[in-house]
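Working notes, beginning with the structure itself.
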Amino acid sequence: MKWEHALNDFRNYLKLERGLSDNSINNYCLDVEKLILFLSAHHITVSPIAIDSEIIQQFIYETAKKVNPRSQARIISGLKSFFNYLIFEDYRKDHPLELIEAPKVGRKLPDTLSIEEVDLLINYIDLSKTEGTRNKAMLETLYSCGLRVSELTHLKLSDMFFEEGFIKVTGKGDKQRFVPISNSCIKYINIYISEVRVHQPSVKGHEDFVFLNRRGRQLTRAMIFTIIKQLVEKSGIKKTVSPHTFRHSFATHLLQNGADLRAIQQMLGHESITTTEIYMHLDKSDLSKILNQYHPRKH
């Protein structure tokens, strides 16, 4: 079995059997491609079925010199998934990474914006330009609905149920959920649609996407990252801010204001409540206040 064949089968398995998003699939396959490049660079001729743990360890040792522990752990995780697939399909019986442990890394939470910082960023949008109206509606949607950046770029006009107060979001693995949307966010989207979007010709196949670029195409993830980066520079905020920061801030502000964790889980589209709990970095003083306020043995 050739590496190219195995990698292609693995890609199809991740898409059809596990229902992963294109981004997740690409990340898994990139880990395997790094191993293939290592084999080629060292003139090691071995198939995916015959490769052993010694060669894998050589690869990981060399990789560890180039990347941080978090990236190393992700690569090991991706390779484990690949060889799990080969075993699942009976291509091989043993697992070459069975005794290899990933480096332990702490859970790194992204920076969270305060409500004032969210307002500051949005206020730096130049509304005198046509793209400014779009950008304001876009960032308000990110923050008000807690969307992933890919969910924002794939948002469609036909997904808007404003009268009911919801939007339909397609998340990881093409799983759909309904997310409530605030009246203020609806207002900004409607302004964008009625004043900018309605006058903008769209490319065939892109007519239903809400947020378009100047050429009438679906806005890309990279463009949204760039827009936010420029706003952060203008505002002078000294934090690492990405589209995901708005999602994290959405969840954190809801929790701080008393929202139920299960409700936040549903809005974020997390399958496991554990994932939602990782996002919630309540200050220990807040926990003490809750205990002292609600526990029957508080005195």
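If you count by this note's numbering, then the sequence shown holds residues 794 to 1092, one letter each, in order.
Where a beta carbon is used, it is the ideal one built from N, C-alpha and C, also for glycine.
**Request:** Decide if the segment 959-973 is in contact with the segment 1011-1018; the criterion is three or more beta carbon pairs, one per stretch, under 8 Å apart.
**Result:** A contact between stretches requires three or more CB pairs, one per stretch, nearer than 8 Å, and the segment 959-973 fails this requirement with the segment 1011-1018.
**Request:** Please work out which residues of its chain come closer than 8 Å, Cβ to Cβ, to H888, disregarding the five sequence neighbours upstream and downstream, and give them in chain order.
**Result:** Residue numbering aside, residue 888 sits at position 95 when the sequence shown is read from its first letter. The beta carbon of H888 is closer than 8 Å to those of K873, F876, N877 and I880 in its chain, skipping five residues each way along the sequence.
**Message:** With three or more beta-carbon pairs closer than 8 Å as the criterion, would you say the segment 910-922 touches the segment 956-965?
**Reply:** Cβ pair count under 8 Å is below three, so no.
**Asked** Does DSSP classify P973 as helix, strand or coil?
**Response** For this step, residue 973 is matched to residue 180 along the sequence shown. Reduced to three states, the DSSP call for P973 is strand.
**Prompt:** Does the Cβ of S977 have 16 or more other Cβ atoms within 10 Å, making it buried, or fewer, making it exposed?
**Reply:** Here residue 977 refers to the residue found at position 184 of the sequence shown. By the neighbour-count rule (16 or more Cβ atoms within 10 Å), S977 is not buried but exposed.
**Own chain, CB closer than 7 Å to K808, minus 5 neighbours either side, in chain order** = For the purposes of this step, residue 808 is identified with residue 15 of the sequence shown, where counting begins at 1. I818, listed in sequence order.
**Request:** Consult DSSP for D1076 and reduce its assignment to one of helix, strand or coil.
**Result:** Numbered from 1 along the sequence shown, position 283 holds the residue referred to as residue 1076. Note on D1076: pLDDT 44, under 50, position unreliable in the model; no value is reported.
**Request:** Assign K929 to one of two classes, buried (16 or more other C-beta atoms within 10 Å of its C-beta) or exposed (fewer than that).
**Result:** Translated into positions along the sequence shown, residue 929 becomes position 136. Classification of K929: buried, given that the 10 Å Cβ count is 16 or more.
**Asked** With C-beta atoms as the reference, is S937 less than 8 Å away from I974?
**Response** Position 144 of the sequence shown holds residue 937. Position 181 of the sequence shown holds residue 974. For S937 and I974, yes; Cβs fall inside 8 Å.
**Asked** Among all the DSSP beta bridges, which residues are the ones paired with Q1011?
**Response** Your numbering for residue 1011 matches position 218 in the sequence shown. For Q1011, the beta-bridge partners assigned by DSSP are L1005.
**Request:** Could you check the C-alpha separation between I979 and F971 for me, to the nearest Å?
**Result:** Position 186 of the sequence shown holds residue 979. Position 178 of the sequence shown holds residue 971. Here the alpha carbons of F971 and I979 stand approximately 15 Å from one another.
**Message:** Report the CB separation of F1004 from L945 in whole angstroms; it is logged as a contact under 8 Å.
**Reply:** Locating residue 1004 in the sequence shown gives position 211, counting from the first residue. Locating residue 945 in the sequence shown gives position 152, counting from the first residue. At roughly 7 Å, the Cβ-Cβ gap stays under 8 Å, so F1004 and L945 are in contact.
**Message:** Taking 7 Å as the limit between beta carbons, can you name the residues of its chain near V839, skipping five residues before and five after?
**Reply:** For this step, residue 839 is matched to residue 46 along the sequence shown. Excluding positions up to five away in sequence, the list reads L832 and I848.
**Asked** Would you call D1042 buried or exposed, if buried means 16 or more other Cβ atoms sit within 10 Å of its Cβ?
**Response** As a first step, residue 1042 must be located in the sequence shown, where it is residue number 249. In the sequence under discussion, the amino acid at residue 1042 is Ser, which differs from the Asp named in the question. Here S1042 is buried: its Cβ has 16 or more other Cβ atoms, across all protein chains shown, within 10 Å.
**Prompt:** In chain order, what residues of the same chain have a beta carbon less than 7 Å from the beta carbon of Y917, not counting five sequence neighbours either side?
**Reply:** The sequence position of residue 917 within the sequence shown is 124, counting from 1. These residues qualify, in order along the chain: L1024, K1027 and S1028.
**Message:** To the nearest angstrom, how far is the alpha carbon of L823 from that of T1033?
**Reply:** The count along the sequence shown starts at 1 and reaches residue 823 at position 30. The count along the sequence shown starts at 1 and reaches residue 1033 at position 240. A straight line joining the alpha-carbon of L823 with that of T1033 spans about 25 Å.
**Request:** Verify whether the separation of the beta carbon atoms of I893 and Q850 is less than 8 Å.
**Result:** Taking the sequence shown and counting its residues from 1, the one referred to as residue 893 is at position 100. Taking the sequence shown and counting its residues from 1, the one referred to as residue 850 is at position 57. Yes.
**Asked** From E1000 to R811, what distance separates their C-alpha atoms?
**Response** Taking the sequence shown and counting its residues from 1, the one referred to as residue 1000 is at position 207. Taking the sequence shown and counting its residues from 1, the one referred to as residue 811 is at position 18. When rounded, the distance between both Cα atoms is 30 Å.
**Request:** Quick one: using the 10 Å Cβ neighbour count with 16 as the cut-off for buried, is F954 buried or exposed?
**Result:** Taking the first residue of the sequence shown as 1, we reach residue 954 at position 161. Burial is judged here by how many other beta carbons sit within 10 angstroms of a residue's own beta carbon; F954 has fewer than 16 and is exposed.
**Asked** Quick one: is E1064 buried, meaning 16 or more other Cβ sit within 10 Å of its Cβ, or exposed?
**Response** Here residue 1064 refers to the residue found at position 271 when the sequence shown is read from its first residue. The residue in question, E1064, is exposed, as its Cβ has fewer than 16 Cβ neighbours within 10 Å.
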